[in-house]
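Single-structure report; data block below.
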Amino acid sequence: MSAQIDIFVWLKYNKTMIKKDKNKPITRVDLDNLYNKLDKSFDAKFDKKFGEVNLFFDKKFGEIDKSLDVKLGKFAEEVILPAVSRIVSGEIGRHRHEMKNYIDVKLAENKGDIISYMKGDQERDKNWKMKVINIFKREKIANPQELEILINLLK
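Each residue of the sequence shown is one higher than the one before, counting from 7 in our numbering.
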């Protein structure tokens with residue numbers, strides 16, 4: 007900076023006025039020192055004021071938070087829960103309908119398999135009963151009329 011400039015700075019720390027001579031140049035060190043002192047002063051003032059403001063807002067936001075909690079609770083109870091309930095009920099109903107359709111389709115696809123399996127069980131049961139009747143015949147455990155009745159029951 008040029009020596010042509012007069013700089014008057016009032017420092018709050020030592021309450022003295024510094025005047026640089028017009029013929030003597032201002033050095034970078036002088037400006038840095040001056041800046042650092044002013045910076046510390048402003049930091050202290052800012053911290054003090056910000057602390058006061060912070061306490062004020064903490065108190066106000068604390069009151070607002072309490073009322074906001076109540077309002078959000080009412081909002082959730084009156085608006086959000088019924089909406090979610092409707093959505094879930096609709097989805098469950100849709101899925102229930104889809105599951106019924108799925109089961110109907112699978113039953114229709116597998117009906118033939120189920121019937122053939124049941125017929126196989128009936129056929130095995132009939133064959134087993136015929137073997138028992140043949141054993142009765144061979145060993146002459148029952149009279150021929152009774153055996154005819156049993157054979158007719160199987161048909």
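All residues carry an ideal CB built from backbone N, CA and C; glycine is no exception.
Local conformation of Ile86 per DSSP, three classes: Of the three classes helix, strand and coil, the one that applies to Ile86 here is helix, per DSSP.
Ile139 classed as buried or exposed, judged by whether at least 16 other C-beta atoms fall within 10 angstroms: With a threshold of 16 other beta carbon atoms within 10 Å, Ile139 meets it and is buried.
CB of Leu160 within 7 angstroms of CB of Lys135, strictly: Contact: yes.
For Leu78 and Ser95, the rounded distance between their alpha carbons: Near 24 angstroms, if we compare the C-alpha coordinates of Leu78 and Ser95.
Supposed contact pair Lys137 and Leu153 - C-beta distance, whole angstroms, cut 8 angstroms: Going by Cβ atoms, the distance from Leu153 to Lys137 rounds to 13 angstroms, so no, they are not a contact pair.
Contacting residues, own chain, Cβ-Cβ under 8 angstroms from Glu97 (five flanking each side not counted): For Glu97, there are no CB contacts under 8 angstroms within the same chain when 5 residues up- and downstream are skipped.
Start-to-end residues for the alpha helix (DSSP H) that takes in Glu147: Checking the sequence, you will find Ile at residue 147 rather than Glu. Unbroken run through Ile147: none, as it is neither H nor E.
Cα-Cα separation between Arg102 and Asp71, rounded to whole angstroms: For Arg102 and Asp71, the distance between alpha carbons rounds to 43 angstroms.
Length of the line joining the Cα atoms of Asp53 and Ser73: Rounded to whole angstroms, Asp53 to Ser73 spans 30 angstroms at the Cα level.
First through last residue of the alpha helix (DSSP H) which encompasses Lys54: Its alpha helix (DSSP H) spans residues 34-81.
Length of the line joining the Cα atoms of Leu40 and Gly57: Between Leu40 and Gly57, the alpha-carbon positions lie close to 26 angstroms from each other.
Arg130 versus Tyr108 - alpha carbon distance: Those two C-alpha atoms are separated by around 32 angstroms.
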